[in-house]
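Novice:
2 protein chains.
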Amino acid sequence: MKKPIAIQGIKGSFHHLVVQNYFNTDSEVLECMSFDDVVNSLLEKQTDEVVMALENSIAGSIIPNYALIDSHNLSIVGEHYLEIEHCLMALENQTILDIKEVHSHPMALLQCKLFFKAYPHIKLVEAKDTADVAKQISEQNIKGVAAIASKNASELYNLNLLAESIQTIKHNETRFVIVKRNNDEKNIEAINKVSLKFELDHKRGSLATVLNVLSDCKLNLTKIQSLPKIETPWKYAFFVDVTFDAYKDFEKAKSIMSLMAENFKILGEYKNARR
Amino acid sequence: MKKPIAIQGIKGSFHHLVVQNYFNTDSEVLECMSFDDVVNSLLEKQTDEVVMALENSIAGSIIPNYALIDSHNLSIVGEHYLEIEHCLMALENQTILDIKEVHSHPMALLQCKLFFKAYPHIKLVEAKDTADVAKQISEQNIKGVAAIASKNASELYNLNLLAESIQTIKHNETRFVIVKRNNDEKNIEAINKVSLKFELDHKRGSLATVLNVLSDCKLNLTKIQSLPKIETPWKYAFFVDVTFDAYKDFEKAKSIMSLMAENFKILGEYKNARR
């Protein structure tokens, strides 16, 4: 029997939406209250596949999730891009003037802060999950409280939409990845994108040399991010995504890179979700 | 008369601590409730210098602040690194068992979440500023509520420390920058670090070529971050920091780079705060 797919949050969350888009509308999910719990479900084999947000067009990379994938030696096996649209929802017959508190995830509260400037009577309260608040309002018939969550959540929990797309920056795309314990069943034919991590000394030109190799091997860079290694001054870790046409080109680069860079590591090999 | 220095937050905030460390313990500050307000104070000439957090060892770059500096054509004129230590504080004679709510900035709540797992009776509530909560508890003699803020804030507002260094990840360093409208009064002798922004097409090897120039000109890379341009597919913006020994080496790189890369821009020239 197929195991459920672990997500951060509950049904109706953006992670759930990714499962429905990437896998199947009816896919069973395991609802987790943190990314640590998501990863634990994978390590303890309650799940074989999980979904994690990895970067956002507004906030950039979600470094703690990179660290979770890296430190547990997990594999990215797929990616999915989703436009995040925050909606405000409450029980039927409630208007925004009835609302005294809005509960949501701190990130959602931050992204919608400007919208609430016009409603100074509303108190913003941190909650663990966007969709969970919607669920509780619905199940416990809570008046005076609204949730910020996906439109999906309003439908799932029978809530009334008070406002749509209330985030300050309208174009708010998040990149999610599908993660497994390993990538043993990979289909080399379909792979045209790879996520890499490597370390370099703070020596002039060291990164340029590595990028020259990638370029010579016909790999295209789609993301690069440096992160100083806190415990080791002047040592940097780099997270790099590359795309390519032929897997053999990547194999060539891999063999050179593993000699050139310290702690060279493949975080995932998968199909590029951009056209 | 010297104008005040604008900070995000109030006296006792981490931004205030940076002003005290970088300028002077007695420097006057203009307390702002958002980074937008900080930048507005500069544009409207209420201030000539402001302090902004720019990146964090846990969360990575604070992309919205990069965007504020870039879009208003401001100049970074200095940098300062600060270890963030979150403390829990309340009125005298209150113990943690008396505390029913903790109010703080969403980022501080996130960073200290694990600490509060042992105290499920405490409700976490979002507030605008870490130090502002401390001030209110003190001024309005609020019992049952604690603040998460700097040790500095507990001293300034006469609060009792209930716990120190409660953030989950102990080493939590933030890089702050000092920002002016322009960098007209720069002292070339002292400058050994520069923040750059440029754009490149998604063409194989384009970044490697640029980094080769930097390397050939004896510049050392200390940070690199790519950001897809949302409105232009396949076009990328790069934020890069470089250090060097001789300003003339940078000038040489600058003249080549401005020909090679699109929208090449200097975000700031300043003194490296690392030894």
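So the sequences go chain by chain: F and Y.
Residue numbers for the first sequence follow the numbering used here, beginning at 1 and rising by one.
Residue numbers for the second sequence follow the numbering used here, beginning at 1 and rising by one.
Using N, Cα and C, we set each Cβ at its ideal position, and we do this for glycine too.
Quick caveat: nothing in here was measured; it's all calculated off a predicted structure.
List, in chain order, every chain Y residue whose beta-carbon is nearer than 8 angstroms to that of Asn212 (chain F).
Specialist: Gly205, Ala208, Asn212
Novice: What's the C-alpha gap between Thr168 (chain F) and Phe115 (chain F)?
Specialist: 7 angstroms
Novice: Kindly indicate the opening and closing residues of the alpha helix (DSSP H) around Glu251 (chain F).
Specialist: 247-260
Novice: Report the rounded CA-to-CA distance for Leu259 (chain F) versus Arg175 (chain F), giving the unit in angstroms.
Specialist: Between Leu259 (chain F) and Arg175 (chain F), the C-alpha separation is close to 31 angstroms.
Novice: Is the CB of Ile224 (chain Y) under 7 angstroms away from at least one CB in chain F?
Specialist: Closer than 7 angstroms: yes.
Novice: Can you give me the Cβ contacts of Lys3 (chain F) inside the same chain, cut-off strictly under 6 angstroms, excluding the 5 residues immediately before and after it?
Specialist: Thr47, Asp48
Novice: Any beta carbon from chain F within less than 7 angstroms of Leu221 (chain Y)'s own beta carbon?
Specialist: yes
Novice: Find the nearest neighbour of Ile142 (chain Y) within the set Y:Leu159, Y:Lys128, Y:Asp129, Y:Asn152, judged by alpha-carbon distance.
Specialist: Y:Leu159
Novice: Quick check: is the beta carbon of Pro120 (chain Y) nearer than 7 angstroms to any beta carbon in chain F?
Specialist: no
Novice: Just by C-beta distance, which residues in the segment 47-61 of chain F are closer than 8 angstroms to chain Y?
Specialist: Ser57, Ile58, Ala59, Gly60, Ser61
Novice: Give me the DSSP bridge partner(s) of Gly205 (chain Y).
Specialist: Note: Gly205 (chain Y) sits in no beta bridge, so no partner.
Novice: Is it the case that the segment 8-24 of chain Y contacts the segment 205-219 of chain F, given that we only count it when at least three CB pairs across the two stretches are under 8 angstroms?
Specialist: In this structure the segment 205-219 of chain F does not touch the segment 8-24 of chain Y; the number of beta carbon pairs closer than 8 angstroms is below three.
Novice: If you follow the alpha helix (DSSP H) that Ala108 (chain F) is in, where does it begin and where does it stop?
Specialist: In the DSSP assignment, Ala108 (chain F) falls within the alpha helix (DSSP H) that extends over 106-111.
Novice: Considering only DSSP beta bridges, list what Tyr66 (chain F) is partnered with.
Specialist: DSSP, once it has assigned bridges, lists no residue as partnering Tyr66 (chain F).
Novice: Cβ atoms of Ala59 (chain Y) and Ile99 (chain Y): under 7 angstroms apart, would you say?
Specialist: no
Novice: On the DSSP bridge assignment, give the partners of Asn263 (chain F) in chain order.
Specialist: Answer is none; Asn263 (chain F) lacks a bridge partner.
Novice: Mind listing the chain F neighbours of Lys265 (chain Y)? Cutoff is C-beta to C-beta under 7 angstroms, in chain order.
Specialist: Neighbours of Lys265 (chain Y) on chain F: none; closest Cβ ~19 angstroms, over 7 angstroms.
Novice: Would you check if the distance between the CB atom of Ser41 (chain F) and the CB atom of Ala6 (chain F) is smaller than 7 angstroms?
Specialist: yes
Novice: Specify, as a first and last residue, the run of the alpha helix (DSSP H) that Asn40 (chain F) falls within.
Specialist: 35-43
Novice: Got a sec? Which residues, its chain only, sit under 6 angstroms from Glu92 (chain F) by beta carbon, not counting five neighbours each side?
Specialist: Asn160
Novice: Compare the C-alpha of Val50 (chain F) against each of F:Ser165, F:Thr243, F:Leu68 and name the closest.
Specialist: The residue from F:Ser165, F:Thr243, F:Leu68 with its alpha-carbon nearest to that of Val50 (chain F) is F:Leu68.
Novice: What did DSSP end up calling Ile188 (chain Y) once you bin it into helix, strand or coil?
Specialist: helix
Novice: Compute the beta-carbon to beta-carbon distance between Tyr247 (chain F) and Ile188 (chain F), rounded to the nearest angstrom, for a pair I have assumed lies under 8 angstroms.
Specialist: 5 angstroms
Novice: Go through its chain and collect everything with a Cβ distance to Leu124 (chain Y)'s Cβ below 7 angstroms, but skip five positions before and after it.
Specialist: Val102, Leu109, Phe116
Novice: Within its chain, find whatever has a CB closer than 8 angstroms to the CB of Leu17 (chain Y); leave out the 5 residues flanking it on each side and keep chain order.
Specialist: Leu82, Ser150, Asn152
Novice: Would you give the residue range spanned by the alpha helix (DSSP H) that Asp132 (chain F) belongs to?
Specialist: 130-139
Novice: Examine chain F for any beta-carbon lying closer than 7 angstroms to the beta-carbon of Ile63 (chain Y), and answer yes or no.
Specialist: yes
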